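In the numbering used here, the protein residues as written are 2 to 249. Glycine included, each C-beta is placed from N, C-alpha and C at the ideal position. Here the structure is a predicted model, which means the values were calculated and not measured. What follows is a single structure, written as C-alpha coordinates, with notes after it.
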Amino acid sequence: MKNRRIDGKIGLPAKHGLYDPTLEKDSCGVGFVAHVKGVPSHEILTDAYHINARMDHRGGCGFEENTGDGAGIMTAIPHRFMQKVCAAIGVTLPEPGTYAVGNVFLPRDADKRDALKQNFGAALAAEGLTLIGYRSVPIRPQEANIGPAALAAMPFIEQAIVGYGTPGDHKLDHALYVARKNFIRAAHASYPEELVYVCSLNTRILVYKGMLTPGQLFPFYPDLEDEDYESHFAMVHSRFSTNTFPSW
(Lines of atoms letter the chains of each structure in order from A; the text may use other names.)
(Lines give C-alpha, C1' and ligand atoms only; values in the text may rest on other atoms or scores of the structure.)
Protein backbone atom coordinates (compact mmCIF):
# COMPACT_ATOMS: atom_id res chain seq x y z
CA MET A 2 0.00 0.00 0.00
CA LYS A 3 1.32 3.42 -0.94
CA ASN A 4 1.61 6.10 1.73
CA ARG A 5 -1.29 8.52 1.60
CA ARG A 6 -0.36 12.18 1.35
CA ILE A 7 -1.94 15.44 2.37
CA ASP A 8 -0.38 18.86 1.97
CA GLY A 9 3.01 17.26 1.37
CA LYS A 10 2.84 15.26 4.62
CA ILE A 11 2.81 11.47 4.70
CA GLY A 12 0.25 9.44 6.62
CA LEU A 13 -3.07 11.30 6.69
CA PRO A 14 -5.91 11.21 4.15
CA ALA A 15 -7.44 14.32 2.66
CA LYS A 16 -10.38 16.05 4.31
CA HIS A 17 -13.56 14.19 3.43
CA GLY A 18 -17.06 14.28 4.88
CA LEU A 19 -16.86 14.65 8.67
CA TYR A 20 -13.14 13.83 8.71
CA ASP A 21 -10.72 16.74 9.05
CA PRO A 22 -6.99 15.89 9.37
CA THR A 23 -6.34 19.16 11.19
CA LEU A 24 -8.36 17.77 14.12
CA GLU A 25 -6.15 14.69 14.56
CA LYS A 26 -5.16 14.17 18.21
CA ASP A 27 -2.66 11.80 19.81
CA SER A 28 -3.89 9.73 22.73
CA CYS A 29 -1.12 9.22 25.30
CA GLY A 30 0.03 12.05 27.51
CA VAL A 31 3.74 12.84 27.91
CA GLY A 32 5.34 15.45 30.16
CA PHE A 33 8.91 16.53 30.80
CA VAL A 34 10.58 18.65 33.47
CA ALA A 35 14.29 19.40 33.89
CA HIS A 36 16.77 21.73 35.53
CA VAL A 37 18.43 23.69 32.72
CA LYS A 38 21.82 23.47 34.46
CA GLY A 39 21.52 19.78 35.28
CA VAL A 40 21.22 20.21 39.05
CA PRO A 41 19.42 17.23 40.64
CA SER A 42 16.73 17.77 43.28
CA HIS A 43 13.60 16.12 44.62
CA GLU A 44 11.63 19.14 43.44
CA ILE A 45 11.93 17.74 39.92
CA LEU A 46 10.09 14.62 41.11
CA THR A 47 7.41 16.72 42.81
CA ASP A 48 6.84 18.72 39.64
CA ALA A 49 6.71 15.51 37.60
CA TYR A 50 4.06 14.12 39.94
CA HIS A 51 1.86 17.17 39.44
CA ILE A 52 2.30 17.00 35.67
CA ASN A 53 1.37 13.32 35.54
CA ALA A 54 -1.52 13.58 37.99
CA ARG A 55 -3.06 16.25 35.77
CA MET A 56 -2.96 14.05 32.68
CA ASP A 57 -5.88 11.79 33.57
CA HIS A 58 -7.64 13.10 30.48
CA ARG A 59 -4.75 11.84 28.33
CA GLY A 60 -4.74 8.36 29.86
CA GLY A 61 -7.26 5.56 29.70
CA CYS A 62 -8.80 3.18 32.20
CA GLY A 63 -10.78 -0.01 31.95
CA PHE A 64 -14.28 -0.81 33.15
CA GLU A 65 -12.83 -0.19 36.63
CA GLU A 66 -12.03 3.48 37.04
CA ASN A 67 -9.08 2.62 39.30
CA THR A 68 -7.43 0.26 36.80
CA GLY A 69 -5.41 2.43 34.45
CA ASP A 70 -4.07 1.67 31.00
CA GLY A 71 -0.62 2.53 32.30
CA ALA A 72 1.58 5.27 33.74
CA GLY A 73 5.31 5.63 34.17
CA ILE A 74 8.27 7.88 34.86
CA MET A 75 11.89 8.02 33.69
CA THR A 76 14.53 9.81 35.79
CA ALA A 77 18.27 9.90 36.20
CA ILE A 78 19.58 7.23 38.57
CA PRO A 79 19.37 8.84 42.04
CA HIS A 80 22.79 7.85 43.38
CA ARG A 81 22.34 9.18 46.93
CA PHE A 82 18.98 7.42 47.25
CA MET A 83 20.39 4.20 45.82
CA GLN A 84 23.32 4.33 48.25
CA LYS A 85 20.88 4.59 51.14
CA VAL A 86 18.51 1.80 50.15
CA CYS A 87 21.32 -0.52 49.07
CA ALA A 88 23.19 0.00 52.35
CA ALA A 89 20.02 -1.16 54.12
CA ILE A 90 20.31 -4.54 52.38
CA GLY A 91 24.07 -4.82 52.80
CA VAL A 92 25.06 -3.74 49.29
CA THR A 93 27.81 -1.17 48.72
CA LEU A 94 27.49 0.70 45.44
CA PRO A 95 30.48 1.64 43.27
CA GLU A 96 30.89 5.10 41.77
CA PRO A 97 28.10 6.56 39.59
CA GLY A 98 28.45 5.45 36.00
CA THR A 99 30.09 2.15 36.92
CA TYR A 100 26.85 0.39 37.82
CA ALA A 101 23.38 0.02 36.33
CA VAL A 102 19.96 -0.21 37.96
CA GLY A 103 16.80 -1.67 36.50
CA ASN A 104 13.32 -2.54 37.71
CA VAL A 105 12.38 -6.07 36.64
CA PHE A 106 8.86 -7.55 36.47
CA LEU A 107 8.91 -11.22 37.50
CA PRO A 108 6.29 -13.92 38.26
CA ARG A 109 4.75 -13.99 41.70
CA ASP A 110 5.41 -17.74 41.83
CA ALA A 111 8.59 -18.04 43.92
CA ASP A 112 10.02 -21.08 42.08
CA LYS A 113 9.62 -19.48 38.65
CA ARG A 114 10.99 -16.21 39.97
CA ASP A 115 14.09 -17.85 41.41
CA ALA A 116 14.72 -19.73 38.16
CA LEU A 117 14.40 -16.54 36.13
CA LYS A 118 16.71 -14.63 38.47
CA GLN A 119 19.34 -17.33 37.94
CA ASN A 120 18.83 -17.02 34.17
CA PHE A 121 19.16 -13.26 34.42
CA GLY A 122 22.44 -13.61 36.28
CA ALA A 123 23.69 -16.02 33.61
CA ALA A 124 22.72 -13.60 30.82
CA LEU A 125 24.64 -10.83 32.56
CA ALA A 126 27.69 -13.01 33.16
CA ALA A 127 27.76 -13.97 29.48
CA GLU A 128 28.34 -10.29 28.67
CA GLY A 129 31.01 -9.80 31.32
CA LEU A 130 28.61 -8.17 33.80
CA THR A 131 28.27 -8.79 37.53
CA LEU A 132 24.99 -8.91 39.42
CA ILE A 133 25.73 -6.87 42.55
CA GLY A 134 22.39 -7.62 44.15
CA TYR A 135 18.61 -7.43 44.14
CA ARG A 136 16.31 -5.13 46.04
CA SER A 137 12.57 -5.77 46.41
CA VAL A 138 10.87 -2.58 45.23
CA PRO A 139 8.45 -1.29 47.90
CA ILE A 140 4.87 -0.97 46.64
CA ARG A 141 1.60 0.25 48.18
CA PRO A 142 -1.28 -1.13 46.11
CA GLN A 143 -3.89 -0.49 48.81
CA GLU A 144 -2.82 3.10 49.49
CA ALA A 145 -2.76 3.78 45.74
CA ASN A 146 -6.25 2.24 45.37
CA ILE A 147 -5.21 -0.13 42.60
CA GLY A 148 -8.18 -1.75 40.84
CA PRO A 149 -8.92 -5.51 40.92
CA ALA A 150 -7.83 -6.13 37.31
CA ALA A 151 -4.47 -4.41 37.87
CA LEU A 152 -3.99 -6.27 41.15
CA ALA A 153 -4.71 -9.63 39.51
CA ALA A 154 -2.08 -8.98 36.83
CA MET A 155 0.49 -7.32 39.12
CA PRO A 156 3.98 -8.86 38.90
CA PHE A 157 6.62 -9.20 41.59
CA ILE A 158 8.93 -6.21 41.17
CA GLU A 159 12.65 -6.52 41.84
CA GLN A 160 15.37 -3.91 41.39
CA ALA A 161 18.57 -5.33 39.91
CA ILE A 162 21.91 -3.63 40.54
CA VAL A 163 24.56 -4.56 37.98
CA GLY A 164 28.24 -3.64 37.93
CA TYR A 165 31.15 -3.54 35.48
CA GLY A 166 33.25 -1.02 33.61
CA THR A 167 34.34 2.55 34.23
CA PRO A 168 32.48 5.90 33.97
CA GLY A 169 31.72 6.74 30.36
CA ASP A 170 32.46 3.19 29.18
CA HIS A 171 30.04 2.78 26.28
CA LYS A 172 30.75 -0.95 26.20
CA LEU A 173 28.90 -1.24 29.50
CA ASP A 174 25.61 0.05 28.10
CA HIS A 175 26.01 -2.14 25.01
CA ALA A 176 26.60 -5.20 27.19
CA LEU A 177 23.57 -4.31 29.32
CA TYR A 178 21.39 -4.03 26.22
CA VAL A 179 22.50 -7.39 24.84
CA ALA A 180 22.09 -9.13 28.21
CA ARG A 181 18.61 -7.68 28.68
CA LYS A 182 17.46 -8.74 25.20
CA ASN A 183 18.88 -12.25 25.56
CA PHE A 184 17.29 -12.69 28.99
CA ILE A 185 13.84 -11.54 27.83
CA ARG A 186 13.95 -13.74 24.72
CA ALA A 187 14.83 -16.82 26.77
CA ALA A 188 12.32 -15.97 29.51
CA HIS A 189 9.43 -15.67 27.06
CA ALA A 190 10.43 -18.98 25.47
CA SER A 191 10.54 -20.76 28.85
CA TYR A 192 7.54 -19.08 30.48
CA PRO A 193 5.30 -17.74 27.68
CA GLU A 194 2.35 -17.42 30.04
CA GLU A 195 4.20 -15.23 32.55
CA LEU A 196 4.83 -11.48 32.61
CA VAL A 197 8.62 -11.01 32.51
CA TYR A 198 9.86 -7.55 31.62
CA VAL A 199 12.89 -5.34 32.28
CA CYS A 200 11.63 -1.75 32.51
CA SER A 201 15.13 -0.37 31.99
CA LEU A 202 18.72 -1.46 32.62
CA ASN A 203 21.08 1.45 32.23
CA THR A 204 23.90 3.35 33.91
CA ARG A 205 22.14 6.71 33.60
CA ILE A 206 18.35 6.35 33.71
CA LEU A 207 15.76 4.49 35.78
CA VAL A 208 12.13 3.71 34.89
CA TYR A 209 9.18 3.05 37.20
CA LYS A 210 5.96 2.03 35.46
CA GLY A 211 2.83 0.00 35.91
CA MET A 212 -0.78 -0.71 34.98
CA LEU A 213 -1.77 2.45 36.82
CA THR A 214 -3.59 5.71 36.42
CA PRO A 215 -1.39 8.84 36.43
CA GLY A 216 -2.43 9.74 39.97
CA GLN A 217 -1.60 6.24 41.28
CA LEU A 218 2.04 6.16 40.15
CA PHE A 219 3.68 7.98 43.07
CA PRO A 220 1.41 6.54 45.82
CA PHE A 221 2.12 3.04 44.44
CA TYR A 222 5.92 3.51 44.41
CA PRO A 223 7.06 5.14 47.69
CA ASP A 224 10.59 5.34 46.27
CA LEU A 225 9.40 8.28 44.17
CA GLU A 226 8.24 10.17 47.27
CA ASP A 227 11.53 9.78 49.16
CA GLU A 228 13.25 13.17 49.62
CA ASP A 229 16.62 11.57 48.81
CA TYR A 230 15.36 10.56 45.37
CA GLU A 231 16.86 13.38 43.30
CA SER A 232 17.12 13.84 39.56
CA HIS A 233 17.95 16.62 37.13
CA PHE A 234 15.10 15.56 34.84
CA ALA A 235 11.92 13.51 34.77
CA MET A 236 9.77 12.32 31.89
CA VAL A 237 6.27 11.06 32.68
CA HIS A 238 3.85 9.08 30.54
CA SER A 239 0.11 8.51 30.80
CA ARG A 240 -0.91 5.65 28.53
CA PHE A 241 -4.08 5.42 26.45
CA SER A 242 -4.38 1.91 24.99
CA THR A 243 -5.94 2.27 21.56
CA ASN A 244 -5.24 -0.88 19.54
CA THR A 245 -3.42 -2.56 22.44
CA PHE A 246 -4.43 -3.96 25.81
CA PRO A 247 -3.56 -2.29 29.13
CA SER A 248 -0.59 -3.97 30.77
CA TRP A 249 2.07 -3.59 33.44
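How about residue 214 and residue 72: do their beta carbons lie closer than 8 Å? Against a cut-off of 8 Å, the Cβ pair of residue 72 and residue 214 comes out as a contact.
In whole angstroms, what separates the C-alpha of residue 69 from that of residue 212? Approximately 6 Å between the Cα atoms of the pair.
Starting from residue 137, follow its DSSP beta bridges and name the residues at the other end. In DSSP, residue 137 forms a bridge with 159.
Rounded C-alpha distance that separates residue 121 from residue 191: Using only the alpha carbons, I get a separation of about 13 Å.
Rounded straight-line distance, which links the Cα of residue 238 to that of residue 205: Cα to Cα, the separation comes out at about 19 Å.
Alpha carbons only, please: which of 114, 142, 217 is nearest the one belonging to residue 188? Of the candidates 114, 142, 217, 114 places its Cα closest to the Cα of residue 188.
Can you tell me which of the three DSSP states residue 210 falls into? Three-state result, residue 210: strand.
With DSSP as the reference, label residue 53 as helix, strand or coil. Here residue 53 sits in helix by DSSP.
Examine the Cβ distances between the stretch 87 to 94 and the stretch 123 to 138 and report whether three or more of them are shorter than 8 Å. Counting Cβ pairs under 8 Å, three or more are found: they touch.
Assign residue 240 to one of two classes, buried (16 or more other C-beta atoms within 10 Å of its C-beta) or exposed (fewer than that). Burial is judged here by how many other beta carbons sit within 10 angstroms of a residue's own beta carbon; residue 240 has at least 16 and is buried.
Which listed residue (33, 216, 201, 228) has its alpha carbon closest to that of residue 144: Put simply, of 33, 216, 201, 228 the residue whose alpha carbon is nearest the alpha carbon of residue 144 is 216.
Under DSSP, the beta strand (DSSP E) around residue 238 begins and ends at which residues? It spans 234 to 239 - the beta strand (DSSP E) in which residue 238 sits, taken as one unbroken run.
Do you know whose CA, among 157, 40, 124, 24, lies nearest residue 1's CA? Outside the displayed range of the chain (2 to 249) lies residue 1, so it cannot be described from this structure.
With burial defined as no fewer than 16 other Cβ atoms inside 10 Å of the residue's Cβ, what is the status of residue 16: buried or exposed? With fewer than 16 Cβ atoms within 10 Å of its Cβ, residue 16 is classed as exposed.
Decide if residue 129 is buried, meaning its Cβ has at least 16 other Cβ atoms within 10 Å, or exposed. A residue is called buried when at least 16 other Cβ atoms come within 10 angstroms of its Cβ; residue 129 does not meet this threshold and is exposed.
In whole angstroms, what separates the C-alpha of residue 31 from that of residue 236? Taking the straight line joining both Cα atoms gives about 7 Å.
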